[in-house]
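Note sheet for the following structure.
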Amino acid sequence: MCGLSVIPRPDAPVRFNHLLLGFLSLVILLDSKAQQTELEWISYPPNGWEEISGLDENYTPIRTYQVCQVMEPNQNNWLRTNWIEKGDAQRIFVELKFTLRDCNSLPGVVGTCKETFNLYYQETDSEVGRSLRENQYVKIDTIAADESFTQGDLGERKMKLNTEVRIIGPLSRRGFYLAFQDVGACIALVSVKVYYKKCWSIIENLATFPDTVTGSEFSSLVEVEGMCVSDAEEEADNSPKMHCSAEGEWLVPIGKCICKAGFHQKGDACEPCGRGFYKSSSQDLQCSRCPVHSFNDREGSWRCDCEDGYYRALSDPPSVACTRPPSAPQNLVYNINQTTVSLEWSPPADTGGRNDVTYRVICRRCSWEPEECVPCGLNVGYSPAQSGLVDTYVTAVDLLAHANYTFEVEAVNGVSDLSRTQRLFAAVSIATGQAAPSQVSEVIKERVQQHSVHLSWQEPQQPNGVITEYEIKYYEKVSLRYICLSKSTSATVNNLKPSTAYVFQIRAFTEAGYVHSKCFRFSLVCVSISSAAIVSSEQNPVIIIAVVAVAGTIILVFMVFGFIIGRRYALAVKFPGTKTYIDPETYEDPNRAVHQFAKELDASCIKIERVIGAGEFGEVCSGRLKLPGKRDVSVAIKTLKVGYTEKQRRDFLCEASIMGQFDHPNVVHLEGVVTRGKPVMIVIEYMENGSLDAFLRKHDGQFTVIQLVGMLRGIAAGMRYLSDMGYVHRDLAARNILVNCNLVCKVSDFGLSRVIDDDPEAVYTTTGGKIPVRWTAPEAIQYRKFTSASDVWSYGVVMWEVMSYGERPYWDMSNQDVIKAIEEGYRLPAPMDCPPGLHQLMLDCWQKDRAERPKFDQIVGILDKMIRNPNTLKTPVGTTPDFTSFRSVGEWLEAIKMERYRDNFTAAGYSSLESPVKPTEAFFIFSLSSLKCPHWATSTKKGFLLDLFFHPKPVTEIGSEI
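In mature numbering (1 follows the signal peptide of the UniProt record, and there is no 0), the protein residues as written are -34 to -1, 1 to 928.
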């Protein structure tokens, strides 16, 4: 962020060249130093503050107010400015420059001299005259000097000038007065400057953002809607927005405007495409030259017109060249066989400049008189089709016998129907000869019995000669085919099998033969014989059994063969070894590391939708990533603020160099980086539910134990993967686990350098902030030994956080107390309703000897067993034990899981239940036993109360505090 500076308001909007970079803008409401004439502020009483002409530190004439009545007690001198109209401001800054005399340098002053003065303000909608009432003013602050001067160092007065800035607001009236109260100081008010901050109007992404006054609160952001410049429009579902910060800076722009069709961007404006150029869509970046055989003679065109004789199909985009219809097909030849004609031809010499040429056939039947032709109609069939032909051949069937036909073959393309020129085609005329009859129609099943069926049918509509007989083919759907003949249009088929489906084919026969069977124009009649439970004598049981046996043997052989092949394949599969993590710091050039492990993304594929937070390096946004050929996905975008150093850039991209090496469902996935544009960005998958600790606190008590263990299992699986790669996380905590909408937990926060300070609080210093020691293993704190075993210690703390729904580990204990307690053997107790097995796993993770801690692979196995056997996750349920039912203090402590306090009770004189106790102590102990409040009924809170019980204070005092 830039420092405060006064800049003149520009006559035109300022170009916003860099994301995250704004202009700090001050609007001056009052500057006493800039006024050369008398200020004429009101002084009360009149002999208090006095207006004097003087010189500033640069020897420029200025008007100042001074007061120095330190010899008289009970001073109350007021000075009020003229009325200040605030304009649109809600938050006002007051900058005071003054000098103040050291009271010790004033002889004879005892207790009456002060070294401070008070600053007040009063809001009004208009001027209130020259009266001054103290009770109408609101105090802003008491102002003290950082530097005071003595009588002997007046020559160094320039070095003693004090500057103080105070903020007032939010203001709701039209204006206000400032007032200064002197209570006995020797002070000179050199300069009073009153101003507010605003973001000046700018143009960014072809959107104009007007002057915007900052918000009333220090942390508030004012969202501003942008207005597209002339001839621009908002990008779909991506309206332009920016945020004006409290410091007068424009933050990351969201959305944008784009130039309309026919216009292209030039600087901050949209200019029309010139003659001979076009832009068909607002999504295009630049104007393009008109395609071949097209033109335009006007500016701002979204398409070009076709030249005469050339066309553009309705489905053609404006970027396609104009084309024309093809020429006629070449070398048309035919072959006739009775009433079937086959045509073949060669492609046209000119395709019209298109590659979508197809063919269509037009058939006409002509009389013996010339030029008397009519369309062939629907009786003629074409194979493969009459139009839309891709290949250069066609067969026409079912023509009439002894008839004349003309066939025209035309080549067409996407613009043929648009052309107004004469059609071009190839044509042939033919005469058919004798033909086979047409198909038999209307086959009727008249009588269906157990072993026979009687069929009848109509004579073909086109017999094309004398029908001598009909052929009847019939067959079982799963068996052989049978044939019989009939001289009439009916027949009875005998010796059929009951409960069997048959298919019948009937066709007529003349001297010209049967109808051409390739056309499949036989009538098919499917007949099911009545399902009488009769077995034909033709069926041989021995054959059936033999067939079944052979089929079963074949199936068995295939199964055994498949099993053997499967085993061989399974044994032959070799899983590649786990990748090894490579530290990016080992690269001399960090850019090489990030480009080796992270994918470089095109910034145009990233759409920023809103700002969701701010980090050490810049803003964190949510948005969408749309890669070519893939669906868009939700992503989180970390941006690097403008003005970064090379070290900041290297540290920022270090995390991407690390994340890019990982690929696991429980490790946050890196989508890619943007290093060749501004701003520099890291793009990761978007985790809807945020950090695990905040998510658990928000949903306290809303999950089952199985769900919580499932979350822990996911975290352990991610850490197992990282450990297998040789990566040590060093900052594993619930705050660094992210949760998506399916409650899948993923490990995050990589690449921070961690160094232990010598500070007694013993925290790690990182480029991202401070990491507390309560998650860190003892050997890592003392000897800086970070290993996978120290990550296991941290994982145990994460388990405790999850089971306690995001409670802070070790509560309010200081870091030094945590280190000391752990060294003395103290471990976190089980959270409320935590199954004993889970707490035991935590304790195993917190073994002092790191070699005794489980590996992440073992942890995953233990959690898997718990999930498969939910009974192990049940917390023992029982009534609260009666204190009077125990035989010893140790037995009672064991029952409430506080046996670690046995030595404390013994040292305090409570070795048996008969030991005398004071009434307050007895009340405390019995209350501890019967504690039932859900929020407090945990071993954690009981331990806290016992810590209080053994506090060095008297027990009675502790009891009263509780």
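Every residue gets a Cβ at the ideal spot worked out from N, C-alpha and C, and that includes glycine.
Asked: Would residue 89 and residue 137 qualify as a contact pair, given that the criterion is a beta-carbon distance under 8 angstroms?; Found: yes
Asked: Using the three-state DSSP reduction, which class does residue 833 fall into: helix, strand or coil?; Found: helix
Asked: Following the continuous alpha helix (DSSP H) through residue 209, name the residue where it begins and the one where it ends.; Found: No alpha helix (DSSP H) contains residue 209, which is instead part of the beta strand (DSSP E) from 207 to 210.
Asked: Cα-Cα, which of 755, 659, 759 is closest to residue 712?; Found: 659
Asked: Measure from the alpha carbon of residue 299 to the alpha carbon of each residue in 359, 266, 806, then state which is nearest.; Found: 359
Asked: If you run the structure through DSSP and keep just helix, strand and coil, what is residue 128?; Found: strand
Asked: Establish whether the CB of residue 680 and some CB of chain C are separated by less than 8 angstroms.; Found: Considering every chain present, this structure includes no chain C. It has just one protein chain.
Asked: Buried or exposed for residue 175, going by 16 or more other Cβ atoms inside 10 Å?; Found: buried
Asked: Looking at the unbroken alpha helix (DSSP H) that takes in residue 805, where does it start and where does it end?; Found: 802 to 811
Asked: In this structure, does DSSP put residue 779 in helix, strand or coil?; Found: coil
Asked: Any idea what DSSP makes of residue 871, helix, strand or coil?; Found: helix
Asked: Beta-carbon separation of residue 433 and residue 474 under 8 angstroms?; Found: yes
Asked: Ordered along the chain, which non-local residues of its own chain (more than five positions away) have a Cβ less than 6 angstroms from that of residue 623?; Found: 550, 559, 560, 563
Asked: Is the distance from the Cβ of residue 767 to the Cβ of residue 682 below 8 angstroms?; Found: no
Asked: Taking C-beta to C-beta, are residue 385 and residue 269 nearer than 8 angstroms?; Found: no
Asked: Going by DSSP, what residue range makes up the alpha helix (DSSP H) through residue 763?; Found: 754 to 769
Asked: From residue 604 to residue 704, what does the alpha carbon distance come to, in whole angstroms?; Found: 15 angstroms
Asked: Can the beta-carbon of residue 327 be found less than 8 angstroms from the beta-carbon of residue 292?; Found: no
Asked: Skipping 5 residues on each side, what residues in its chain have a beta carbon closer than 6 angstroms to that of residue 100?; Found: none
Asked: Could you pull the start and end residues of the beta strand (DSSP E) that residue 659 belongs to?; Found: From DSSP, residue 659 is part of no beta strand (DSSP E) but of the alpha helix (DSSP H) over 658 to 664.
Asked: Figure out for me which residue from 802, 786, 809, 783 has the closest Cα to the Cα of residue 794.; Found: 809
Asked: What's the gap between the Cα of residue 397 and the Cα of residue 361?; Found: 15 angstroms
Asked: Round the Cβ separation of residue 702 and residue 715 to the nearest angstrom and send it over; I've been treating them as touching at under 8 angstroms.; Found: 4 angstroms
Asked: Spatial neighbours of residue 455 within its chain, please: C-beta separation below 8 angstroms, excluding the five flanking residues on both sides.; Found: 422, 423, 424, 425, 436
Asked: Do residue 762 and residue 811 have their beta-carbon atoms positioned less than 8 angstroms apart in this structure?; Found: yes
Asked: Determine, using beta-carbon pairs with one atom in the region 29 to 44 and one in the region 129 to 144, whether at least three such pairs fall under 8 angstroms.; Found: no
Asked: Helix, strand or coil: how does DSSP classify residue 268 here?; Found: coil
Asked: Would residue 172 and residue 109 be called neighbours here (beta carbons separated by less than 8 angstroms)?; Found: no
Asked: I believe residue 59 touches residue 131 by the beta-carbon criterion, under 8 angstroms. Please report the beta-carbon distance rounded to the nearest angstrom.; Found: 6 angstroms
Asked: Reducing DSSP to helix, strand and coil, say where residue 377 ends up.; Found: strand
Asked: Can you tell me the Cα-Cα spacing of residue 2 and residue 133, whole angstroms?; Found: 26 angstroms
Asked: Spatial neighbours of residue 461 within its chain, please: C-beta separation below 8 angstroms, excluding the five flanking residues on both sides.; Found: 417, 418
Asked: Less than 6 angstroms between C-beta atoms, sequence neighbours within five positions excluded: which residues of the same chain meet that for residue 149?; Found: 41, 80
Asked: Going by DSSP, name the residue or residues bridged to residue 259.; Found: Answer is none; residue 259 lacks a bridge partner.
Asked: Would you kindly work out how many angstroms separate the C-alpha atoms of residue 674 and residue 657, rounded to a whole number?; Found: 15 angstroms
Asked: Count the other CB atoms, across all protein chains shown, that sit within 10 Å of the CB of residue 392; report buried if there are 16 or more and exposed otherwise.; Found: buried
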